[in-house]
Each structure stands twice: as structure tokens, then as C-alpha cells.
Amino acid sequence: MNDLSDKDPLADKASKAGSNHSADVEASVKDWFNAPTASTLKTASQASAPLSDSLSATVGGLLQTTKENRWSIIVLMVLGCLAGVFKAISETPVYRASLTMAVEPSSGRSSSQSLFDPYAYRFYETQYELLKSRSVAERVVDELDLVQRDAVDKLLVPPSALTSLAKEIKKITGVSLTSDAPKKSKPAILTTTEVASKRAWLTQVIQGGVTVSGGNKTNLVAVTFNSINPDFAAEIANALVAAYIEEGLDSQLNRSQQTTRWFSQRIEDLRVSLDNSQAQLQQFLIDENLLDTSRNEQITTSELQSLNSEYIIARASLDELAKRYGARHPKLKEARAEVSATKARLDLASRAVSSNREKQVKLELLEREVKRNNDFYEAFLSKFKEADLSSSGTQVASARIIDRALPPGGPIYPQKQKIIFTWAFGGLLLGLGLAFLREQLDSTFKSGRMVEEKLGLPLFGVVQAMGSDIKAVERHYLDNTRSVFSEAINHIRTGVMYSNVDNPPQVLVVTSSVQSEGKTTLASNLALSYAQLGTTLLLDADLRRPRIKHIIDNDTTTGLVDLVAGVASFDQCVIRDRDQKNLYILNSGTTPPNPLELLASDKFSRVLNSFRKKFSYIIIDTAPVLPASDAVVLGRLCDSLLLAIESDRTTHHMARDAIKRLNASNVSVAGLILTQANIKKGNPYQYGGYYGYGAYAYVEDSQKTKS
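In terms of this note's numbering, the sequence shown opens at residue 488 and continues consecutively.
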């Protein structure tokens, strides 16, 4: 085989084309090498890039996500709109009747005190709560006799959604889906328990439907009631205010009656106390003989003075006789007896005076008690006569109706346009949210920029997805060499060649993470592109699931396996392409029992080295990295390894695991290629407009067609 390569014109042609190409490449490389390096340009661009670039990229990504999921978003928005229409027409209309009244405080205080009362708002807040109280609602139920009223449930309980929907359909189409004839039923006789339960239920319904609001600068109060029946709403609003006014009057009357009863009872108690104290005073005067107290006091005083004078005279006479006579003289004895008798009468009179004084003190106490009871009695009697029993001295409300409630002309709910818009907008937000959530949960690669950001390796190009109408996609490069697809392949070729300027790679291995990622299509078209520069060999080293032998129009059954095994010659295995003269194809050949051992053998290494001498470029299509280790073995023998990543299918973890597996065997990935990219659906900045200059190719093609 080595002797054949020296005489074969293919080798001479390859060397000639290789030398010409090397001269062209050398001239272009000098210019490129003198230019700023890619890393320098990237660093400079990052330093000078404004913050708006990242913002525009984020906005562009959001718009792209919205564009890709536009149909699901539109469907959800339409469904939300339909749900809003159903809700709007199935909701029961609610009517609101409004009444205006004036509420003013009425009290015994002066108007100036009421005007400058800082807590006057409490009075109005209290009246608002009274209007919504249970007692007022119960009074309305009783006065309107709602418990026994027929069909009151229909006035308070909304109909079902289907019934409301049927009514709305009848309004629009005139077709009645339900019977409009009222059902006649005998009034049910309710038990006491049922009456109490229904009364409590009606009270809660009325309390829940009433709202009260007051003005900030006026005493006007607006009372509203919501109901599904406009007439009933107005009736309840009017009855509610009437019940509130009656409740206030009854409360005022009850307070007046309570005040009157309290005053009467208190005055009667004071009168009894006064009578008792007077009776005690009178009885004390009679028992102590103190009816003429002043005269008795005068008699006692004069008698005491006379006895005191007698005692003094008797004492003076005794002293005089004591000077004249001896101690036993009869006159002296008589004088002593007279002094003793006078002293006894004086002491007796003194004790009588003291007793009278004690009686006088008790008498004064009884008189004061009578006077105090009399004063209390007179004061309460005077207050009772002067009291304003209409208000009992407390602040009450003076309410009057300004505008009575009238049946409303239209419902306040539902606002159909608002409901439909809200539901449609909710469907739109739900669609956007699901789209962005799906985008966040989707770990596949969407764009070339994402490939570079997630994997940290250079991206050599983006290959667009081919339509189902293209049969030979592996040879689509020859259909139109100026198409977007062909320009993308050329762009990949250029990136690979300039990845190592001093020593451009000759042997390329094209692989992928898993099967069906477009690696064979990439390898075949890339070989067609390299054939434009020199002799190129397309080698199918995917010995497990070979694909290249199915895309060439040749009956040759021998291939790489047979050549390495030595059962077939070079000329028997290598096929020259029918359309591209510089392209030679070597398919897998016979399926081996041990593909990995064959690729790792010394015979395969020697065959590959012989191919290096015969061809300018060698493109090898091999098995995926994760299912098999063939790419790891070939990666150690080749000059450059390209990893194909399918758009919208290959996940980040799959690509990282494949790169990690290659790096673990000291096989570096030269670059990445994003395959099966939907350029028309995607952002041109991410695909054709940035990688491969597809937009330029399209314009040129269209101009060529017009010309």
C-alpha cells in the first residue's frame, strides 16, 4: 500500500493542492496573526461594552421566549377570555339601592360645646354601627314579616350559574332553555324552631348586605343595600333606616321611663327617711319633756344661780360663826348643816343642768338629721321637676331622611367588560409564566451564546435544521454553496483551520454526546467543504451504527474494518465521490465484534498515518462519547476533535459529561458546533445573523434569483 501511494496520481494531486493551499493560507495567516488576538479583542469589547448590552440581551431573550411559545400563550389567553365570558354571563346581577339621611346629635349641651368637641366623630361612628346592628336588622325582619313572606328565598339567594347562563342566553338569542312558569306551592307551616332559625338567617343576610358611609364635611349619611332584586333592595334600605329611627326613639323612651322610675323611687325613699327622722324627733321631745325647751332652760339657769348664791351666803355665814364660836357650838353646827344642805341642792341642780345639756345635744342631732333628709328630699324633688325627660341628659341622635331609596336602574355587578379583560389578562400572564417557567426548567441548548456560556469552549458555528423535504441532508452542501447552510459549514471549516495557525489540524474527529445529534450530517458536509481546498477523506469510524455507507451511491461492502484487517486493499475500500472529485469516502465495512479494540490497535494507527500522507484533510465520523469510548481512542490519534450539540435536545449535563469524559483521557475538545438550530424561529443575532452570516447569504440568493 505504501508503494502504491508513491505511484498514485492521487498523492501527487494532493501534494500539489496542499502546497497551493498552504501558500494561500500562509499569506492570509500573516495578516491575521499581525492583527489583535481574539482574546485581546474580547477583553477590550467586554471592557467597553455598556451595561445596556446585557439588558438588551435579557430583553431579547424574553422576547424570544415569548415568540417561541406564542401559540400556547395565545391559546391560554383565549381560554382565559372564554372563561371570563362564561363567568360574566353566569354571574347573578347585584343591585344597590341607596338612601341619604341627616344624622345630628341632640343633647342638653350648648352648641358651642358640640361644635368644638374633638371626639364628635365617635358619635357618628356609633350611629354607623347601630345602622348595621343585629337589633335593627331583626326589627326590619319583623316589620316586613319576611319570615312568612312567600318566595323571600328567591329575593335573597342567588340562582345557580346554569340558571343565570340560561337567562343571559335568552336575552341574547331569545331562546328559553328553562321554564318561566312559576311553580305553585302551598305555603309551608313553620315550627317555632324553624321560624327562629329563618329569622336569624334573614337577619344575617340583611346585616351582610348593608353598608353605611358618611361624609367628611357634612352630617349626611349614605345607607346602601345590595340585593339580586332591585325593588327588594330599595324596600330593605328604606325599612332599615325607618327601623333605625324607631330604634332610636324607643331607646330614648326607654331611657326616659327608666329615669322617671329611678327618680320616683329615690324621692319616695327620701320621703320615708324624712318622715322617720321627724317621728323620732317628736317622740324624743315627748319622752324627755322637751316640748318647751327654751323655758325649761331659763328656769334651770335661774334656779342654779339662786342655789349658788345661797351656798355662797351659807358658806360666808359659816366662816363668820367659826371665828366667834368654838367647833361644838350649836350655831356653828346649824351653819354647817345649812352649808351641806345648800351644797346638796346646788349639786342636784348642776346634775339636772348637765342632763338637760345631753338631751339638748341628742336633740340637735335629731334636728340635723331631719334637716338633711328634708334637704335631700327637696333637692331631688326640684331636680325631678326640672329634668328634661325627653333626653334624660344624654346625647342622642336626631335622624331624618333626605332622599329615600329608589329601585336602581342597573346592576353594579358584574362588570362584564372588566371581568372578561381580567380573565383574558390572567390567561396571558399564565401563558407567559408557564413559558418562562418552561424556559427555566429546559436545560437544553437554545443558542450559540448559551453553548459558550454553559460549556466555556469556543463555538465554531451553528448549523441550521433542514426541512423534511430535503432527502440527502448529508450532502446538502452541494445543492447551494452560497446558502445559509453552506456558509455555516464554511464558517466551521474556517474556525477549525484558524484554531491552530502554526499547525492547522489535518485529521478531524466529529462526535457528539449521544446518538442522533447530527454528527454524521456535520462530518459529511464538512468533508464536502474541505474538498474545496484539497483532497479530503471522509472516514466512517462509527463501527456500531454506521451511517455513511447508506448515503453513498456505491455497492462496495468493504471498508475500514476490512482495510485494517488486511482482507482488502486501499483501492478496494476507498471510494471517490461522484460529485466532488477531491472527496474520497471510506465507510465502516464489515461490522467487527470488537470495535474499540480495532480502533485502539497498532494496525489502525499505521493505516491512519498512511492516510495522512495521501490526503490533505481527514474527517472522521465516530460513535457518540457517552454510549461508547471510540471517540476517546480516536481523539488521542487525531489533530482536533469537534463535539456536535443538537439544539433543543442535548442537555447541559449531557454535554458536560461528554467533555468531562474526554478531558479525563487527556483529549481536549477543540470546538463545539450547534446543530439542528431553527434559525427562522430563533433570534438572528443568536443564529444566522451572527454565526455564518446567513442573512447576507439570503440577500445574495434573493438578488441572484431576481436577476
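C-beta: ideal position from N, C-alpha, C; glycine also.
Since the model is a prediction, treat every value here as computed from it, not as a measurement.
Answer yes or no: do V697 and M588 have a C-beta to C-beta separation smaller than 9 Å? no
Taking the alpha-carbon of A729 as reference, which of L819, S885 and N716 has the nearest alpha-carbon? S885
Within 10 angstroms of the Cβ of G920, are there 16 or more other Cβ atoms? Answer buried if so, exposed if not. exposed
What's the gap between the Cα of H816 and the Cα of S827? 17 Å
Give me the Cα-Cα distance between D966 and G1122, rounded to the nearest whole angstrom. 31 Å
L586: which of V682, A720 and K872 sits nearest, CA to CA? A720
For the stretch 704-771, list the beta strand (DSSP E) runs that are entirely contained and at least 3 residues long, ordered along the chain. 707-714
For P717, count neighbouring Cβ atoms within 10 angstroms of its own Cβ and tell me buried if that reaches 16, exposed if not. buried
Burial state of N763 (16 or more Cβ within 10 Å): exposed
Which of the three DSSP states is assigned to M953 in this structure? coil
Does the distance from the C-beta atom of V572 to that of I907 stay below 9 Å? yes
First and last residue of the uninterrupted alpha helix (DSSP H) at A1145: H1139 to A1151
Would DSSP call R815 helix, strand or coil? coil
Status (buried if at least 16 other CB within 10 Å, exposed otherwise) for L757: buried
Contacting residues, own chain, Cβ-Cβ under 7 Å from Q694 (five flanking each side not counted): K619, R621 and A624
For the structure I just gave you, are there three or more beta carbon pairs, one from the stretch 1138-1149 and one from the stretch 1017-1027, closer than 8 Å? no
Does DSSP put L1121 in a helix, a strand or coil? helix
Residue burial classification, R626 (beta-carbon count within 10 angstroms, cutoff 16): buried
Please name the residue, chosen from E865, K704, G897 and R686, that lies closest to F750 on a Cα-to-Cα basis. E865
For A726, count the other beta carbons within 10 Å of its own beta carbon; 16 or more makes it buried, fewer makes it exposed. Which is it? buried
Any C-beta of chain B sitting closer than 9 Å to the C-beta of D737? No chain B is part of this structure, which consists of one protein chain only.
Comparing alpha-carbon positions, which option in S930, A975, G954 and S934 lies nearest G948? A975
How many Å lie between S1127 and G567 at the Cα? 54 Å
Span of the alpha helix (DSSP H) around S1088: From DSSP, S1088 is part of no alpha helix (DSSP H); its letter is neither H nor E.
Length of the line joining the Cα atoms of R748 and N861: 21 Å
For the alpha helix (DSSP H) containing I1038, name the first residue and the last one. Taken as a continuous stretch (DSSP letters only), I1038 belongs to no alpha helix (DSSP H), as it is neither H nor E.
When the Cβ atoms of the stretch 996-1013 are set against those of the stretch 1154-1167, are three or more pairs found closer than 8 Å? yes
For A1157, the first and last residue of its enclosing beta strand (DSSP E): Taken as a continuous stretch (DSSP letters only), A1157 belongs to no beta strand (DSSP E), as it is neither H nor E.
Tell me which same chain residues have a C-beta within less than 8 Å of the C-beta of V960, skipping the five on either side of it? M953 and T1008
Could you give the residue range of the alpha helix (DSSP H) that holds G567? R557 to S577
Do you know how far the Cα of I799 is from the Cα of S869? 59 Å
Please report the Cβ distance between P894 and A584, rounded to the nearest whole angstrom; I am assuming they are in contact, meaning their Cβ atoms lie under 8 Å. 7 Å
What does the Cβ neighbour count give for Q792, buried or exposed, with the cut at 16 atoms within 10 Å? exposed
Pick helix, strand or coil for I899, following the three-state DSSP scheme. coil
Can the beta-carbon of V1112 be found less than 9 Å from the beta-carbon of L1129? no
Which one of T909, Q745 and L736 has the shortest CA to CA distance from K574? T909
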